[in-house]
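Numbering (the working numbering), first residue to last: 86 to 432.
Glycine included, each C-beta is placed from N, C-alpha and C at the ideal position.
Data first, discussion second: the structure below is written as C-alpha cells.
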Amino acid sequence: MTIRRAHITGWGKYVPEKVITNHDLAQMVDTSDEWITERTGIKERHVRGDNDTTTSMAVAAARQALDVAGLTPDELHLIIVANSSPDYLLPSPANFIQHELGARCPAFTIAAGCSGWVYGLSTANQFIQTGAYENVLVIGVEIISYALDYTDRTTCVLFGDAAAAVVVQPATDGSGLLTFELGSDGSLAHNLWVPGGGTVNPVSQTVVDNREHYIRMNGQEVARFAIRKLVSCLQSVTERAGMSLADLDLIIPHQANLRIIETAAKYLNLPMDKFFVNLHKYGNTSAASIPLALVEAIEQGRVKPGDTIGLVAFGSGLSWAGAVVQMGVRETAAAPVNGNGHVKVPV
Ligand code: UT7
C-alpha cells in the first residue's frame, strides 16, 4: 500500500514593493554596505508598505497558491499559518486570513519563529496521512520589521517582510513529504526574543522607553546553534528517508545569513550550488523564508518534477525543523508550451 503523503500542488508569494538597501540602513545606523554584505550576504530587504498587513500579504500569496493548485478557497479543509508578527495579539492571524480569503475551514497559527513554516508543513502532513483532510494551505508570513529596533545595528540589518504559501494534497504516487524532524531547545530561548509586551512584562511606558518591545538577539550564539542544526538536522532527515545528502537535488535552508549556509555546506562537504539562496534580495523573512525560497526555486526551474528537496530551518525558540520532500510530476497545459503543448511541472 502506498503511504498517503502531503505533496505540494500549489505555490505563491507576496513581497512588498518597498525596498531598504544596505546603503539606506547606513544612513540610519552606524553600519555599511561592506559590513552587511561581508558578514551576512544581504544586499537589500523588502518592508511592508502602508497598505500591507500580515493578513493582506498572506492572502495575496495564498490566492496564487490556490490558483496553481486549481482550488477555490471554499474547497480548503484547513489553513495553517506560520507567523510571529500578527496583525493583532488576538485573535490569531489565521482567522483573519481565512475570512479574507473567503474560506470556511478551520485555521490556526503556529508560532515557531523562523522554523514555523516547516512545522506547519509537517503538521499538514499529519492531517493528510490520517485521512482527516485533503486540501491544506500552509502559509508563512511575517511583517518582522514591526519588531525591529532601527537604532540597533545588530538586528535591524538582518530582517525583511514577505509571505509565501503552498497548497498540499494527498500524493497518489509515493511523492510528498518523506521525512521530517522538529526540535526545540528552550534553554536557549533568551538568545532571540522580545522581552516586553507579553504577560511577564506587559506593555508600559517603561517597556517602550527601554525598547523592550523590539527583537533582541545574541547573534553569535544563534549562529553557532544554526550551523549545528543545519548540519545535524539535514543529515538526520535524509538518513531517515533512506538517502544520502548526495541524493538531494536541492537544499533550501532558512535564509538568515550566507556565512551560516557556507559554513554548514563545508561541514557537510557539499558544494554551494546544492543550496538555494535568495537572502541577498530579502534578508531573513523568518517564517516566510523557506516557502519564499521554495516558490522562487520552482519559478526559476531549480526545482523540477520528481526532484527531492531538503528543507532546514532554525530560529527563535531556539527551534529547528527539517524535512525531505519529493516533488510529484504533473502534465499541464497551463504553463509555457514545450512543443506538444504540455509541460511537466512539479506538483
Ligand atoms: O532566524 C534566526 C535569526 N538570527 C540569525 O540568523 C542570526 C545569526 N547570527 C548572525 O548572523 C551573526 O552573528 C550576525 C550577522 C548577527 C553578526 O555577525 P558576527 O560576524 O557574528 O559579528 P559579531 O556579533 O561578532 O560582531 C562583530 C562586530 C562587533 O563590533 P566589535 O565589538 O568587534 O567592535 C559588532 O558591534 O561587528 C559589530 N556589528 C556591526 N558593525 C557594523 C554588529 N552589527 C553591525 C552592523 N554594522 N550592522
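Asked	Found
What does MET306 pair with, by DSSP beta-bridge criteria?	Sequence inspection shows Glu at residue 306; the Met mentioned does not correspond to that position. Note: GLU306 sits in no beta bridge, so no partner.
Check this for me: beta carbons of LEU163 and ALA192, under 9 angstroms apart or not?	yes
Given ASP115, which residues of its chain have a CB within under 7 angstroms of its CB, disregarding the five upstream and five downstream residues?	ARG238
Distance check for VAL203 and PHE212, CA to CA, integer angstroms please.	15 angstroms
If you run the structure through DSSP and keep just helix, strand and coil, what is ARG301?	strand
With which residues is LYS98 paired in a DSSP beta bridge?	ALA249
So for HIS92, helix, strand or coil by DSSP?	strand
Answer yes or no: the CB of LEU396 versus the heavy atoms of the ligand UT7, is any distance below 8 angstroms?	no
Closest by CA to SER141, which one among THR122, HIS131 and VAL100?	VAL100
If you drop the 5 nearest sequence neighbours on each side, which residues of the same chain put their C-beta closer than 6 angstroms to that of VAL226?	THR139, MET142, ALA143, ASN168, ALA248 and ALA373
Verify whether the separation of the beta carbon atoms of THR94 and GLN214 is less than 9 angstroms.	no
Do LEU353 and LEU330 come within 9 angstroms of each other at the CB atom, strictly closer than that value?	yes
Residue ranges of each beta strand (DSSP E) run of no fewer than 3 residues wholly in the region 315 to 396, ordered along the chain?	335 to 338
Based on DSSP bridge pairs, tell me the residues matched to ALA167.	ILE195 and GLY225
Tell me the DSSP secondary structure of ILE312 in three-state form.	helix
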